[in-house]
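Which chain is which? The protein sequence lines are C and S, in order. So for the first sequence, the numbering used here puts the first residue at 85; every next one is plus one. So for the second sequence, the numbering used here puts the first residue at 85; every next one is plus one. The beta-carbon is built from N, C-alpha and C at its ideal position, and this holds for glycine as well. Computed from a predicted model, the values in this text were never measured in an experiment.
Number of protein chains: 2
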Amino acid sequence: MEIPDKVVNRLTMYHFILEDIRDDEEYISSTKFAALLGIDNSQVRKDLKYIDNQGKCRVGYEVKQLKRKIEEYLGFKQTKNAFIVGAGNFGTALAKYDGFKDYGLNIAAMFDKDVKKIGTIINGKEVFDISKVGSLASKQGVEIAILTVPRAYAQSVANYLAGAGIKYIWNFTTCVLDLPNDVKVWNENLIGSFLQFTNKDKEN
Amino acid sequence: MEIPDKVVNRLTMYHFILEDIRDDEEYISSTKFAALLGIDNSQVRKDLKYIDNQGKCRVGYEVKQLKRKIEEYLGFKQTKNAFIVGAGNFGTALAKYDGFKDYGLNIAAMFDKDVKKIGTIINGKEVFDISKVGSLASKQGVEIAILTVPRAYAQSVANYLAGAGIKYIWNFTTCVLDLPNDVKVWNENLIGSFLQFTNKDKEN
């Protein structure tokens, strides 16, 4: 079943909330989710129907079961390996963030072209010369690259990644990439995000 | 006029594209935007009507004019000051990212509770003791905080920020914050973003 992006986003937020529930609370109501996220009750119930979890009348959703269903549905346990390309401030911060692992994202290696960075280890992840992307990608079966190079290099590095067998690019740069159709790009547009937030009063 | 979040997001992407246009190209077509972003032509034209820019038949949109209109509409020149709360890996990476300034976001100061960090300067921004948030916020008229503390501290720090006069929290943690209604929260859900991206093939 095709699940809309916004629902995937909210399901992860429900999971964050479930993570913080005290151990002695067995049930959670849709009202609680709704209040914490500033959305409608009916939206929560609709979202949770996607993962076939209907909740009990007047009792709510069983915490542990709901958590497990979200994990299964979104594939938290099916670890996906990814490379970080660009070992600058942002790439390094992402490499040092251990939270990704709980949600199925493993950083297998990092790449840079700066000889001072190549060979260093950042949070257990080795930084390789960018020219090694292709061989390591095929050896480790990695198809996902997290692109954190400076904007000016983004397009040329992305071209190189596409040629090296990378199929998914999570783009943290502000360069809109022009790539062959078989490479999927997801733009993490932090600036757009900030502007959405500050251009109007909005709870999310 | 109320403008949908997705449109704000795409307008910034159009602006990124316009930034990369060669100087000798006077016009850009909706088709070019659409192809680069993997969306429909008609979507581009609809979006650009929000900012009252209709383009010329068979010629397209005037690059400089369109750029200026997006800048005016989204307020890139009306700088908003913000604090970064949490001078860890992620907070530091955001502080070092100079690109924000071009889009109207100025990091006025940083805060942490670690005495080893307090008093240091990161990319020209001083790190203050977290207890100084209230006085600096009122002195500098800052209402926006970028929250990059570890998850375990997120709720208590957010409570403190709310009490110190912060009205907008851009939340980079995976904690869903429970705050008074007059504090607006924008959740930057990177995990949700990754899962949206990898759970299905999608261009954006």
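For C/E272, the chain S residues whose Cβ falls inside 8 Å of its Cβ are L274, S277, in order along the chain. Assigned with DSSP and collapsed to three states, C/E155 falls in helix. Just so you know, the alpha carbons of S/N165 and S/R152 end up roughly 22 Å apart. A straight-line Cα-Cα distance of about 10 Å links S/G249 and S/L220. Collapsing the DSSP output to three states places S/V147 in a helix. In this structure, S/W270 and C/F281 form a Cβ contact; the two beta carbons are roughly 4 Å apart against a cut-off of 8 Å.
Listed by position along chain C, the residues whose Cβ is nearer than 8 Å to that of S/M194 form an empty set, because the closest Cβ is around 14 Å away. Residue burial is scored here from C-beta neighbours: C/V217 has at least 16 other C-beta atoms within 10 angstroms and is therefore classed as buried. Listed along chain C is no residue with a C-beta nearer than 9 Å to that of S/L150; the closest approach is about 15 Å.
Taking a beta-carbon distance threshold of 8 Å, S/G183 counts as an interface residue toward chain C. Relative to the Cα of C/D196, the nearest Cα in the group C/T115, C/F174, C/D266, C/Q149 belongs to C/F174. Within the region 234-284 of chain C, the complete alpha helix (DSSP H) segments of 4 residues or longer fall at 235-247, 274-283, listed in chain order. Distances from the CA of C/T115 to each of C/N207, C/V143, C/I214 were compared; the closest alpha carbon is that of C/V143.
For S/V241, the closest Cβ of chain C is not nearer than 8 Å.
In the displayed model, S/N207 falls within coil according to three-state DSSP, outside both helix and strand. Taking the Cα of S/S215 as reference, the smallest distance to any Cα among S/S126, S/G170, S/D182, S/A177 is reached at S/G170. C/E86 and S/Q127 have their C-alpha atoms roughly 22 Å apart. For C/L121, the nearest CB of chain S lies under 8 Å from its own CB, placing it at the interface with that chain. Interface residue (Cβ-Cβ distance to chain C less than 8 Å): S/I228 is classified as such. For S/A119, DSSP assigns no beta-bridge partner whatsoever.
C/N93 has a beta carbon lying within less than 8 Å of a beta carbon in chain S. For S/K200, not one C-beta of chain C is nearer than 8 Å to its own C-beta. Residues of chain S with a Cβ closer than 9 Å to the Cβ of C/L132 do not exist; the shortest Cβ-Cβ separation is about 16 Å.
Within the region 160-196 of chain C, the complete beta strand (DSSP E) runs of at least 3 residues fall at 164-169, 189-196. Neighbours of S/K180 in chain C, taken as residues at a C-beta separation under 9 Å, are given in chain order as G172, N173, F174.
Here the alpha carbons of S/D124 and S/E272 stand approximately 26 Å from one another. Around the Cβ of C/D131, a 10 Å sphere holds 16 or more other Cβ atoms; the residue is buried. Per DSSP, S/D198 has no beta-bridge partner at all.
Annotation: S/I101 is outside any beta strand (DSSP E); the continuous alpha helix (DSSP H) that includes it extends over 89-103.
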